[in-house]
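Set out below in structure tokens:
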């Protein structure tokens, strides 16, 4: 079997497998685990590894499309501070859901969040996406004011206002436009 991976041995009891966002394969194994057991584990998970590597590469490729250069950061933050509150107001009026506050953040791994006090945060990075995808993020966080989870009722309410929300999710999950 020819597959490059990093092996980390420790006092753990089980084998685990991780694919990093850089497409690096990491195997964690107990100190006394044999090389054959490790290779059998990799062989057993080869389909998952290959599938996950393809997804990771696709995400990275699409993420590059929406990447914001450091030189453009201030411009995107300013755009977010003017654009997002306007769109939030539109969706709040439409849904009747109003956040207790709104903040623009520099979050890298999430586009938005809604906390237990109904405060909403949006990453300025969302401004790099198409307007319809931005609207989905806004609606998604507003709906969390009513439904604090991702239940069927949560998605029914989203669908009521944005029937094509699944297409926007695909864009945001880096599967292309």
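Numbering (our numbering), first residue to last: 403 to 579. We put the CB at the ideal spot given by N, CA and C, even for glycine. Here the structure is a predicted model, which is why all the values come from computation and not from measurement.
- For the pair of segments examined, the stretch 505-520 was found to touch the stretch 471-490: the number of CB pairs separated by less than 8 angstroms reaches three.
- When Cβ pairs closer than 8 angstroms are counted between the two stretches, the stretch 557-572 is seen to touch the stretch 524-539, the count reaching three or more.
- Shortest Cα-Cα distance from residue 487 to any of 422, 541, 452 and 555 involves 541.
- Residue 432 sits away from residue 445, with the two beta carbons spaced by 8 angstroms or more.
- Under the three-state reduction of DSSP, residue 475 is assigned to helix.
- The three-state secondary structure of residue 527, taken from DSSP, is helix.
- Taking 8 angstroms as the cut-off, the beta carbon of residue 419 is found no closer than this to the beta carbon of residue 435.
- According to DSSP, residue pairing for residue 499 in a beta bridge does not occur.
- If the five residues before and after residue 548 are omitted, its C-beta is found closer than 7 angstroms to the C-beta atoms of 499 and 559, all from its own chain and listed in chain order.
- In terms of Cβ geometry, residue 426 and residue 441 do not form a close pair [threshold 8 angstroms].
- Between residue 485 and residue 522, the gap from beta carbon to beta carbon reaches 8 angstroms or more.
- Taking C-beta atoms as the reference points, residue 524 and residue 513 count as a pair closer than 8 angstroms.
- Using a Cβ distance threshold of 8 angstroms, residue 516 and residue 552 do not count as a contacting pair.
- Leaving aside the five residues that flank residue 564 on each side, the residues in its chain whose CB is nearer than 8 angstroms to its CB run, in chain order, 537, 538, 541 and 570.
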